[in-house]
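All residue numbers for the sequence shown refer to UniProt numbering, where the first residue is 1 and numbers rise by one.
Virtual Cβ for every residue (Gly too), placed ideally from N, Cα, C.
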Amino acid sequence: MSTDTLTKDILRGGQFLVKETDCEDVFTLEDLNEEQKMMRESTKEFVDRELWAHWERFEHKDYAYTEETMRKAGELGLLSVAVPEAYGGMGMGFVSTMLVCDYISGATGSFSTAFGAHTGIGTMPITLYGTEEQKQKYVPKLASGEWFGAYCLTEPGAGSDANSGKTKAVLSEDGKYYSITGQKMWISNAGFCNLFIVFARIEDDKNITGFIVENDPSNGITLGDEEKKLGIHSSSTRQVFFNETKVPVENMLSERGNGFKIAMNALNVGRIKLAAACLEAQRRVINEAAKYANERIQFKTPIINFGAIKAKIADMATNAYADESACYRAAKNIEDRIAIREAEGNTHQEAELKGVEEYAIECSILKVAVSEHVQHTSDEGIQIFGGMGFSADTPMESAWRDARISRIYEGTNEINRMLAVGMLVKKAMKGHVDLLGPATAVGEELMGIPSFDTPDFTELFSEEKDLIARLKKVFLMVAGSAVQKFGPDLEKHQMLLTAASDILIQVYLAESTLLRTEKNAKRFGEDSQAAQIAMSKLYLYRAVDIVIQKGKEAIVSFAEGDEQRMMLMGLKRFTKYTNQPNVVALRTQIADKVAADNGYTFD
1 MSTDTLTKDI LRGGQFLVKE TDCEDVFTLE DLNEEQKMMR ESTKEFVDRE LWAHWERFEH
61 KDYAYTEETM RKAGELGLLS VAVPEAYGGM GMGFVSTMLV CDYISGATGS FSTAFGAHTG
121 IGTMPITLYG TEEQKQKYVP KLASGEWFGA YCLTEPGAGS DANSGKTKAV LSEDGKYYSI
181 TGQKMWISNA GFCNLFIVFA RIEDDKNITG FIVENDPSNG ITLGDEEKKL GIHSSSTRQV
241 FFNETKVPVE NMLSERGNGF KIAMNALNVG RIKLAAACLE AQRRVINEAA KYANERIQFK
301 TPIINFGAIK AKIADMATNA YADESACYRA AKNIEDRIAI REAEGNTHQE AELKGVEEYA
361 IECSILKVAV SEHVQHTSDE GIQIFGGMGF SADTPMESAW RDARISRIYE GTNEINRMLA
421 VGMLVKKAMK GHVDLLGPAT AVGEELMGIP SFDTPDFTEL FSEEKDLIAR LKKVFLMVAG
481 SAVQKFGPDL EKHQMLLTAA SDILIQVYLA ESTLLRTEKN AKRFGEDSQA AQIAMSKLYL
541 YRAVDIVIQK GKEAIVSFAE GDEQRMMLMG LKRFTKYTNQ PNVVALRTQI ADKVAADNGY
601 TFD
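Right, here's the structure in full:
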């Protein structure tokens, strides 16, 4: 990492809302170095050879093949990219780990779930919270694929309320081991894992505690049958039962009562990695849809020439491009923050934990946005294929089913929407993000007389950047007023929180998309970025519509009388275009590029 990066003032998590970001300060897929490009290509080769070519095996519940391909991934080092070199890993930076997670996850949700559960929540808690002895004993085996890991948090009565689990850990009289008893459910990799990260409660502790538990059936561990699931058919998902399972005291993970913190921090990383895992899935659906639409002849012309199909292709490509832009922007922010903390003397464990935690808001934003986009993309993929899309003989049907789980795990999208705004408000109260000052300024602006000058919008994205700055004001207006009105009780008003969250999500993705394209237009020339410019404008246009809808929904629900009228006028002022874009022309331009390239070529 350069000295410049270490010394410059990198935006903290959530500050994108109140501070301007220069396009030169965002990382994009076009910034990958040669090593990262080689890693991407080797990952794609593995996926095409071992996964995509055999996608039907995953649909036929071939659990053994999932395990086999996981071992092959281990042999290639793909399970070890995030593991420090001291424990047998590659020790690559956060962007590189995102890159592998991205490109390894697009062929089948079964493999990507197994991969994510193992490399993320199955391995990471030990690398980040384990003692040196625990890391030396377990991490090299997990990094190589000799062993596989699983994560036991969810229980029948403890889902979103993760800290309410009833699994018990009782210390033996001699103080040498804990006996764990309880039931866990929805455990990915349970059928072939060697090690569980298990969360249990000691006595009547307020918070749960984490343990490393080796999978030994003779030690009171039994498994339920494989779950019958809508999608991810070859991802092993079982219940796990512990009956006085003895765990040495030295296998406690971190400190007593620290389990809830471990679980929440693991979810922060899991959320941004889940978003990454949905990117290549979108690209592959777009590729298959474009190829089919180019080849499918109806009324004597390829269906990709029809406007209705072009609209779908354009929206699918635009979502994928926006998602890439936001994911890699956040990934580099995290990587830079980790490097800064390490330079300040933090251990790698401390630096990574705090680096990811810093951008927990962005992680939640990305989890929601990208998981919903991949569902929409796969749904439109089926529609473009028509009747064949509904058939299990083509991969569209399985892509749609596999996409559905992404809105549920790593915290449901409903939970993450509320978390994003809730964490932002908490950051503001701690003084980490100044929301009060900008929110007050927006309130004063609403009371003032608006300018009727016609701005100069001749420079690329000048109007769009001005509009994004005003969309941020909408969030500050709505969220600021809601905080003022409800104070600490705001978290009880979930519908208002989710409306505000949808505004926040659109601001982050629209800005990330614009900044990526602006950066590339400056260095590669505007002509080379014509379709990307169109996608940036189209995404913002759609984002404005969502902001108008959600802003109005919130305002009319908590404001009355003059306050309501003033805020609705502000909403109209802040979302107004001077020059409306030609949406049909934008979609046509994007779709024609995808058609000409016979797929998605923007990554």
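Counting only beta-carbon separations shorter than 9 Å, does residue i have a partner in chain B?
i, result
"A543", "The chain inventory of the structure shown lacks chain B, comprising one protein chain alone."
Quick one: grab the DSSP three-state call for residue i.
i, result
"A82", "coil"
"N243", "strand"
"T3", "Caution is warranted here: a pLDDT of 46 is assigned to T3, below 50, making its placement in the model unreliable, and the coordinate value is therefore given only provisionally. Residue state, collapsed to three classes: helix."
"G109", "helix"
"E20", "coil"
"A392", "coil"
"I405", "helix"
"L253", "strand"
"T301", "strand"
"T127", "helix"
"T377", "helix"
"P248", "strand"
"R238", "strand"
What residue range is occupied by the uninterrupted beta strand (DSSP E) comprising residue i?
i, result
"F211", "T209 to E214"
"S179", "Y177 to S188"
"T222", "I221 to L223"
Taking Cβ to Cβ, would you say residue i is nearer than 9 Å to residue j?
i, j, result
"T43", "V100", "yes"
"D48", "E280", "no"
"I313", "I384", "yes"
"A150", "S188", "yes"
"I503", "G551", "yes"
"G182", "K206", "no"
"V356", "A275", "no"
"G224", "V213", "no"
"A311", "L366", "no"
"A317", "I303", "no"
"L230", "I405", "yes"
"S234", "F192", "no"
"G387", "T440", "no"
"Q589", "A531", "yes"
"A289", "L509", "no"
"G570", "V474", "yes"
"G139", "Y87", "Here residue 139 turns out to be Val, not Gly, going by the sequence shown. It is a contact, given that the beta carbons lie within the stated cut-off."
"G525", "M477", "no"
"G411", "L424", "no"
Start and end of the alpha helix (DSSP H) containing residue i?
i, result
"L195", "Premise fails: L195 lies in the beta strand (DSSP E), L195 to I202, not in any alpha helix (DSSP H)."
"L568", "G561 to F574"
"A169", "A169 -> not in any alpha helix (DSSP H); beta strand (DSSP E) instead, spanning K168 to L171."
"A150", "Segment G149 to C152 is the beta strand (DSSP E) holding A150; no alpha helix (DSSP H) there."
"A64", "Y63 to E75"
"L496", "Q494 to F524"
"A162", "Segment: none, A162 is in no alpha helix (DSSP H) and carries neither H nor E."
"C101", "F94 to I104"
"residue 629", "Since the displayed the chain opens at 1 and closes at 603, residue 629 lies outside it and no answer follows."
"F602", "Careful: F602 lies outside any alpha helix (DSSP H) and carries neither H nor E."
"N265", "G259 to A277"
"E352", "H348 to E358"
"V584", "V583 to D597"
"K228", "Premise fails: K228 is in no alpha helix (DSSP H) and is neither H nor E."
Answer with buried or exposed for residue i, where buried requires no fewer than 16 other C-beta atoms within 10 angstroms of its C-beta.
i, result
"V395", "It is worth fixing the name first, because residue 395 is Pro in this sequence and not Val. Label assigned to P395: buried."
"R565", "exposed"
"N416", "buried"
"P455", "exposed"
"R523", "exposed"
"G345", "exposed"
"Q298", "exposed"
"I180", "buried"
"Q134", "buried"
"M252", "buried"
"N243", "exposed"
"Q484", "exposed"
Pull up the distance between the alpha-carbon of residue i and that of residue j, whole angstroms please.
i, j, result
"V285", "G93", "28 Å"
"G122", "G175", "27 Å"
"I232", "S105", "12 Å"
"P156", "E295", "48 Å"
"A591", "D597", "10 Å"
"E59", "L142", "26 Å"
"I309", "A200", "52 Å"
"S80", "A73", "9 Å"
"T7", "V421", "Annotation note: pLDDT 48 at T7 (below 50); position unreliable, coordinate value reported separately. Near 29 Å, if we compare the C-alpha coordinates of V421 and T7."
"N219", "D545", "57 Å"
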